[in-house]
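For reference, each letter of the sequence shown is one residue, going 488 to 1210 in this note's numbering.
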Amino acid sequence: MRLTLAVCGVATAAMGVFGAGGLDRLGITGPLPAGSAAARDGAVLAERYGVSAPDLVLLVRAASDVRTPDIAAAGRAVEEDVRRAPGVGAVSSYWSAGDPSLLSRDGRSALVTARLAGGETVRVRTAQRLVAALGRQRGPATITPTGPAWTYAETLEDNRADLLRAELVSTPACALILLFVFRSLVAALLPVVSALIATAGTLAFLRLLTSFTEVSVYASNVATALGLGLAVDYGILVVWRFREESAAGASVEEAVGRSVRTAGRAVAVSACIVLASVLSLLLFPLGFLRSAAWAAAAVVVFSAAASVTVTPALLALAGRHVDRFDLFARLRRGPGTPGTSGAPAASGASAGSGASAGSGAEGSPAWRRATLAVIRRPARAVFAAACVLAVLSLPAWHLALGPNSVDDLPRHSRARTAAVFIRAEFASVPDRQLVVGLPEGTPRGDADGYARTVSALPQAAAVRTVPGRYPGPVLAITSRFPPGTEGAAALVRQVRALPAHGRVLVAGQPAEAVDTLSAIRRTLPWCCTLVAAATFVLMALAMRSLLVPLKAVVVAGAGLAATLGCLVYVFQDGHLRGVAGDFNAPGYLLAETTLFLLATAYALSVDYEVFIVARIREEYLASGDNTAAVATGMQRTGRLVTAASLVFAAAMAGPATSDVTALKLVGAGLAVAVLLDAVVVRGILVPGLMTLAGRANWWLPRGRGGRGRARDGPAACRSTSPR
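As structure tokens, then:
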């Protein structure tokens, strides 16, 4: 055992070093779906026409007119430096092209635009080198970068800062919660060991994955946050059960064995369901979601493996010392809970508890009282909980999804500052621009007519012809609306539908947003169906019931709807900024981020469901009394679920305090989801529904020709409620 733990320690350290060394290999996976119309058209426009939306935009500002000789010379020098830099394709500026759309209305600012070579991550690295080389000042002119490549570059920098914040804020918070819940330093540290193994293993896996495909930098945040949350949840379950068995008088060896057979089985079932939930994100043809899915899947595997192997080994090694060092002993009042340092273990279950013989641990009296209140009036409790969830879900009716943008960065970021200025002072806005290539051989008159038709569209702010020699005429169309809004989407659809002498090529961020959201809408029903089916089948096999897994899917969906309503109210509509902190509220939720958030929240919801229902089933098999089993199961797992949800919410503190809207949405959203699930769904809805269903909870068809019955229960089942 000691040798095994030593090997695991060395392996964890090696994986941590190996994985940390690969953080610089993580990059940006663009939002564009593989094979989308915008991706194909953009590639053709870049290859055959030599035009595309700019990757890097430099705002050159001065105190006087940029057409004066000294400022014009500085602007041309900036353009020339950009043109000579490696990895740069086409470059244009007001001074070389004479394009009035590149000059501000007051004449004191002009733009230098550049198209960069290579994939998304390569373009970001090029932008970082280029901006660093240019500096912020060139003679009398000030240079401020923006554009997609620099926006992603600043996102990378903010992401590293948020990763450090997550480690500095979330880890101590989780440790304090574990210390207070377990009342033992030794017991509190054991789940943290699982989290360290899960995080180190996931980072190592991501580094290996970068050898085969692009991996989003956000995957490192997923690994850290989920590793700290999910692994601790699993570790809590195993340690909790060990202490309960020890309090009942079992030897260390017996307690470890029973913990693995009961809590370990629940961890395995939960891990399979969570794995199916997060891997469903691979159905979406989007780089970020696929990276997040692989990261989350690795976290699940390493967390479960550590909890059912390393944690039991550590428990066997610690033995009775697992309850040592209660750092908060002096702050507590009243007797300690069974199994904690300084508190005598109970010798048996209290009368009427419905506990299995010899269980010994009474669990949480507060949770027992709360559950009994629900059991006495289950219909009223279920109705009240359903009303709460329904009210919270109301804002979700006007849910809108959209793309990430430069506005998701902090207000002080250079990319956002420049973008806001360009929108206000320039006729042509790069991030709202469509590049349209008309078919080869289109007559000049037809091209002019096409441009006039587009100009008449209410969504078009400006239409201009791109000068140069191309296979066909090229137009630059500026939308009045930002990408992701209905106005911008309508413009893209109408431009694509206008008759021409062949297929029109349409690229640019508004077109990319339309294709991304279309891919999400096509894939989402299949993803939801797969997750629901996997949950039902896995829980039906584990719990030997048809109603329990059906109920799990329904209540998890209700909790998700309530969470989504809260997200819409805050992050889409812009309320509660004083609580959530400053963030961009564009009138929609960030599509990819929201999908990942909901998939993770669903997985955690079912995770807690498995913890509770597995224990209720165990009590039912021992007593045959469904109502008493619900009361006892909730009593013995309620505090565990509370601790797990608080730990996970604390793990989300780092992302929730981020200045980047996407990370803030994930952190705050998941924290709300787990707390809402632990209090309303698990605390009220689940015990209420299971009480109303009675023995039907455990009904399973016997097979061909046989009648269905409650499987696995004793022959004579009582129905008395605990007092």
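Yeah, the Cβ is synthetic: ideal placement off N, Cα and C, and Gly gets one too.
* To do: Inspect the CB distances between the stretch 864-883 and the stretch 1035-1055 and report whether three or more fall short of 8 Å.
  => yes
* Reduced DSSP category for Thr972 - H, G, I as helix; E, B as strand; rest coil -> If you number the sequence shown from 1, residue 972 lands on position 485. Three-state result, Thr972: coil.
* Spatial neighbours of Arg1205 within its chain, please: CB distance less than 7 Å, with the 5 preceding and 5 following residues excluded, ordered by chain position. => The sequence position of residue 1205 within the sequence shown is 718, counting from 1. Only weak support exists for where Arg1205 lies, its pLDDT of 41 falling under 50; the value from the coordinates is given anyway. So the qualifying residues of the chain are Gly1111, Asp1112.
* Is there contact between the stretch 672-691 and the stretch 784-793, where contact requires at least three CB pairs shorter than 8 Å? -> Result yes; three or more Cβ-Cβ pairs closer than 8 Å.
* Would the beta-carbon of Cys661 fall within 8 Å of that of Ala1137? -> Against the sequence shown, residue 661 aligns to sequence position 174. Against the sequence shown, residue 1137 aligns to sequence position 650. In this structure, Ala1137 lies closer than 8 Å to Cys661 by Cβ.
* For the beta strand (DSSP E) that Gly1074 lies in, which residues bound it at each end? -> Indexing the sequence shown from 1 puts residue 1074 at position 587. It is not in any beta strand (DSSP E) - Gly1074 carries neither H nor E in the DSSP assignment.
* What are the boundary residues of the beta strand (DSSP E) that Leu996 is part of? -> As a working note, residue 996 is residue 509 in the sequence shown. The sequence shown places Gln at residue 996, rather than the Leu named in the question. First-last for Gln996: 996-1030, but that is the alpha helix (DSSP H), not the beta strand (DSSP E).
* Asked: Grouping DSSP H, G and I as helix and E and B as strand, with all else coil, what is Gly576?
  -> As a working mapping, residue 576 is identified with position 89 in the sequence shown. It is a strand residue.
* Under the three-state reduction of DSSP, which class applies to Arg956: helix, strand or coil? -> If you number the sequence shown from 1, residue 956 lands on position 469. Coil, per DSSP.
* What number of angstroms, rounded off, separates the C-alpha of Pro986 from the C-alpha of Trp781? -> As a position in the sequence shown, residue 986 is number 499, starting the count at 1. As a position in the sequence shown, residue 781 is number 294, starting the count at 1. Taking the straight line joining both Cα atoms gives about 43 Å.
* Identify whether Ala948 lies in helix, strand or coil by the three-state DSSP scheme. => Counting from one through the sequence shown, the residue named residue 948 turns up at place 461. Here Ala948 sits in strand by DSSP.
* Asked: Of all the options Val1093, Gln1122, Cys1015, Ala1078, which has the alpha carbon lying nearest to the alpha carbon of Ser767?
  -> The count along the sequence shown starts at 1 and reaches residue 767 at position 280. For Ser767, the nearest C-alpha among the options comes from Cys1015.
* Inter-residue CB distance, Leu921 and Gly971 (contact presumed, cutoff 8 Å) -> The residue labelled residue 921 in the question sits at position 434 within the sequence shown. The residue labelled residue 971 in the question sits at position 484 within the sequence shown. For a cut-off of 8 Å, the C-beta gap from Leu921 to Gly971 is around 14 Å, too long to register as a contact.
* How long is the line joining the alpha carbons of Leu490 and Leu801, rounded to whole angstroms? -> As a working mapping, residue 490 is identified with position 3 in the sequence shown. As a working mapping, residue 801 is identified with position 314 in the sequence shown. Roughly 12 Å separates the two Cα atoms.
* Measuring only between beta-carbons, confirm whether Leu546 sits less than 8 Å from chain D. => Absent from the structure: chain D. Only one protein chain is present.
* Among residues of its own chain, excluding the 5 on either side of Ala1021, which ones have a beta-carbon nearer than 6 Å to its beta-carbon? -> Here residue 1021 refers to the residue found at position 534 when the sequence shown is read from its first residue. Within the same chain, Ala1021 has close Cβ partners Ala763.
* Are the stretch 705-718 and the stretch 1113-1130 touching by the rule of at least three beta carbon pairs closer than 8 Å? -> The stretch 705-718 is not in contact with the stretch 1113-1130.
* **Val754 versus Val1166: straight-line alpha-carbon distance, rounded** => Numbered from 1 along the sequence shown, position 267 holds the residue referred to as residue 754. Numbered from 1 along the sequence shown, position 679 holds the residue referred to as residue 1166. Distance between the alpha carbons of Val754 and Val1166: 21 Å.
* Identity of the residues DSSP links to Gly924 by a beta bridge -> For the purposes of this step, residue 924 is identified with residue 437 of the sequence shown, where counting begins at 1. Paired residue(s): Val961, Leu992.
* To do: Enumerate in chain order the residues of its own chain whose CB-to-CB distance from Ala1043 is below 6 Å, with the five nearest sequence positions on each side excluded.
  => Reading the sequence shown from its first residue, position 556 is the one you call residue 1043. Correct list, in chain order: Tyr1089, Ser1092, Val1093.
* Asked: Below 8 Å, can you find three or more Cβ-Cβ pairs linking the stretch 534-549 to the stretch 591-603?
  -> yes
* Asked: Roughly how many angstroms separate the alpha carbons of Ala648 and Thr1114, rounded to a whole number?
  -> By one-based count along the sequence shown, residue 648 stands at place 161. By one-based count along the sequence shown, residue 1114 stands at place 627. Between Ala648 and Thr1114, the C-alpha separation is close to 50 Å.
* Taking one C-beta from the stretch 1140-1153 and one from the stretch 887-905 each time, how about it: are there three or more such pairs within less than 8 Å? -> yes
* Contact under 8 Å by Cβ, Ala872 with Ile1171 -> For the purposes of this step, residue 872 is taken as residue 385 along the sequence shown, with counting starting at 1. For the purposes of this step, residue 1171 is taken as residue 684 along the sequence shown, with counting starting at 1. Cβ distance < 8 Å, so Ala872 and Ile1171 count as in contact.
* **Buried versus exposed, by CB contacts within 10 Å (16 or more), Phe1098** => As a first step, residue 1098 must be located in the sequence shown, where it is residue number 611. Answer is buried; the Cβ neighbour count reaches 16.
* Ala525 beta carbon less than 8 Å from that of Glu999 -> Here residue 999 is taken as the residue at index 512 of the sequence shown, counted from 1. Here residue 525 is taken as the residue at index 38 of the sequence shown, counted from 1. Cβ atoms of Glu999 and Ala525: closer than 8 Å.
* Out of Tyr536, Ser551, Ala561, state which residue places its alpha-carbon closest to the alpha-carbon of Gly576. => Position 89 of the sequence shown, counting from 1, holds the residue named residue 576. Measuring from the Cα of Gly576, the nearest candidate turns out to be Tyr536.
* **Delimiting residues of the alpha helix (DSSP H) encompassing Arg602** => Translated into positions along the sequence shown, residue 602 becomes position 115. Taken as a continuous stretch (DSSP letters only), Arg602 belongs to no alpha helix (DSSP H), being part of the beta strand (DSSP E) at 596-603.
* Coil, strand or helix - Leu985 by DSSP -> As a first step, residue 985 must be located in the sequence shown, where it is residue number 498. Three-state result, Leu985: coil.
* Please classify Arg548: does DSSP put it in a helix, a strand, or coil? => To locate residue 548, count along the sequence shown from 1; it is residue 61. In this structure, Arg548 counts as strand in the three-state DSSP scheme.
* If we ignore side chains and look at the alpha-carbon of each, how far apart do Leu1084 and Ala1072 end up? -> For this step, residue 1084 is matched to residue 597 along the sequence shown. For this step, residue 1072 is matched to residue 585 along the sequence shown. Approximately 17 Å between the Cα atoms of the pair.
* To do: Compare the Cα-Cα distances from Val702 to each of Asp810, Asp511, Phe1135 and report the closest residue.
  => Residue numbering aside, residue 702 sits at position 215 when the sequence shown is read from its first letter. Comparing Cα positions, the closest option is Asp511.
* Asked: Bridge partners of Leu888, per DSSP?
  -> Indexing the sequence shown from 1 puts residue 888 at position 401. Leu1076.
* Sequence-distant residues of the same chain with beta carbon closer than 6 Å to Val756, five excluded per side -> Position 269 of the sequence shown, counting from 1, holds the residue named residue 756. In its chain, beyond the 5 residues on either side, Ala1029, Val1097 have a beta carbon closer than 6 Å to the beta carbon of Val756.
* Asked: Assuming Val725 contacts Ser738 under a Cβ cut-off of 8 Å, what Cβ separation, rounded to an integer in Å, is found between them?
  -> Residue numbering aside, residue 725 sits at position 238 when the sequence shown is read from its first letter. Residue numbering aside, residue 738 sits at position 251 when the sequence shown is read from its first letter. The Cβ separation is near 17 Å, so there is no contact.
* Asked: Counting pairs of beta carbons, one from the stretch 607-626 and one from the stretch 577-586, are three or more of them closer than 8 Å?
  -> no
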